[in-house]
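Undergrad: The sequence shown begins at 5 in this note's numbering and counts up by one.
Quick one: the structure is below, and I'll ask about it shortly.
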Amino acid sequence: MNPRRLLPVILIFMALGLLPVAVLAHPHAWIDLRISFERDANGQITHMLHHWRFDPTYGQYLFDDAQEHQPGDTPAVRLQGLAGEILDNLDEYRWYSHLQMADEAIEIAAAGNPRMAMEAGLLHFRFRLELAEPVDPAGAALEYKVYDPTYFIEILHQEPHGTRIVDASGLVDATCEARLERPRPDPAVVARAMALDSGASVDYDLGRYFAERVTVRCD
């Protein structure tokens, strides 16, 4: 698990002496994130590919749920059923993805064919989003955040290659770079998150305070 996840917990425990995180606090699940942006032959970014790796406990919960409730003759088929269901449900939350360029929001849509698989004991979820209009990352910087607005799930980029840009041939584009800015939530916001338990009322703006921001630039 990413060691950066422990820092806010340690700091707030030192300051407030709260109960163990298993008893109180958001988040309750964790995702290691990888993002790939696809550029077409004209250099325009057209798609955003998500690769989620769930923490062992939440991943096993999802796997077991799929085996019990999804139709299909094999574990793999039942996982695919869950992948489609999750992708559909995330529509309401914009797939946790917020993109903008020159302060203008970029609309996105699911491109279909999500994939879910258990790999080396960890559950992986992959899906693809299509930008409503291709954008030129050489003309202006593309910025994005990926977060659960309720902060039930914490999503952090997997190091060291959390974000990459690939060209039309599928190779990493060396003319582009991605800069990640870590969140710096106010201590009062951290305390609010730590005080919530799994049955607390949903706070639909909490997650944005803990979201990493990534800026993509290309030559």
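Beta carbons are placed, not taken as given, at the ideal position from N, Cα and C, and that holds for glycine.
To the nearest angstrom, how far is it from the Cα of Ala26 to the Cα of Ile157?
TA: The count along the sequence shown starts at 1 and reaches residue 26 at position 22. The count along the sequence shown starts at 1 and reaches residue 157 at position 153. In this predicted model, Ala26 has a pLDDT of only 39, less than 50, meaning its place in the structure is not dependable enough to derive any value.
Undergrad: Secondary structure at Asp36, three-state DSSP: helix, strand or coil?
TA: Position 32 of the sequence shown, counting from 1, holds the residue named residue 36. Note: Asp36 maps to strand in three-state DSSP.
Undergrad: Do Arg196 and Leu126 have their C-beta atoms within less than 8 Å of each other?
TA: One-based indexing of the sequence shown puts residue 196 at position 192. One-based indexing of the sequence shown puts residue 126 at position 122. Against a cut-off of 8 Å, the Cβ pair of Leu126 and Arg196 comes out as no contact.
Undergrad: Enumerate in chain order the residues of its own chain whose CB-to-CB distance from Ile39 is below 6 Å, with the five nearest sequence positions on each side excluded.
TA: Here residue 39 refers to the residue found at position 35 of the sequence shown. The residues are Thr167.
Undergrad: Do you know how far the Cα of Asp190 is from the Cα of Asp44?
TA: By 1-based counting over the sequence shown, the position of residue 44 is 40. By 1-based counting over the sequence shown, the position of residue 190 is 186. Spanning the two alpha carbons is a distance of roughly 40 Å.
Undergrad: For a quick check, are the C-beta atoms of Gly85 and Pro118 less than 8 Å apart?
TA: The residue you call residue 85 lines up with position 81 of the sequence shown. The residue you call residue 118 lines up with position 114 of the sequence shown. No, these two residues do not count as a Cβ contact at 8 Å.
Undergrad: Can you find the residues in the same chain that come closer than 7 Å, C-beta to C-beta, to Glu152, ignoring five residues on each side of it along the sequence?
TA: On the sequence shown, position 148 is the one that residue 152 refers to. Per the sequence shown, residue 152 should be read as Asp rather than Glu. Within the same chain, Asp152 has close Cβ partners Tyr100, Ile159 and Gly211.
Undergrad: Just to confirm before moving on: does the CB-CB distance between Phe131 and Leu91 stay below 8 Å?
TA: Taking the sequence shown and counting its residues from 1, one reaches residue 131 at position 127. Taking the sequence shown and counting its residues from 1, one reaches residue 91 at position 87. Cβ distance < 8 Å, so Phe131 and Leu91 count as in contact.
Undergrad: Judging by CA-CA distance, which residue of Glu123, Met122 and Glu96 is the nearest neighbour of Ala113?
TA: Within the sequence shown, the letter at position 109 stands for residue 113. Of the listed residues, the one whose Cα sits closest to Ala113 is Glu96.
Undergrad: Considering only their Cβ atoms, is the gap separating Leu146 from His30 smaller than 8 Å?
TA: On the sequence shown, position 26 is the one that residue 30 refers to. On the sequence shown, position 142 is the one that residue 146 refers to. Taking 8 Å as the Cβ cut-off, His30 and Leu146 do not qualify as a contacting pair.
Undergrad: In the DSSP output, which residue or residues are listed as bridge partners for Arg130?
TA: By 1-based counting over the sequence shown, the position of residue 130 is 126. DSSP lists His55 and Arg119 as partners of Arg130.
Undergrad: Once you ignore the five residues that flank Val218 on each side, which residues in its own chain have a CB closer than 6 Å to its CB?
TA: For the purposes of this step, residue 218 is taken as the residue at position 214 of the sequence shown. Tyr148, Thr167, Ala182 and Leu184.
Undergrad: Specify the secondary structure class of Leu200 as computed by DSSP and reduced to three states.
TA: By one-based count along the sequence shown, residue 200 stands at place 196. Leu200 falls in the coil class under three-state DSSP.
Undergrad: Does DSSP put Tyr155 in a helix, in a strand, or in coil?
TA: To locate residue 155, count along the sequence shown from 1; it is residue 151. It is coil, neither helix nor strand.
Undergrad: Distance, Cα to Cα, Gln104 vs Met198?
TA: For the purposes of this step, residue 104 is identified with residue 100 of the sequence shown, where counting begins at 1. For the purposes of this step, residue 198 is identified with residue 194 of the sequence shown, where counting begins at 1. Each residue's Cα considered, the two are about 30 Å apart.
Undergrad: If I follow the unbroken beta strand (DSSP E) through Thr219, where does it start and stop?
TA: Along the sequence shown, one-based indexing puts residue 219 at 215. From DSSP, the beta strand (DSSP E) with Thr219 extends over Arg217 to Cys222.
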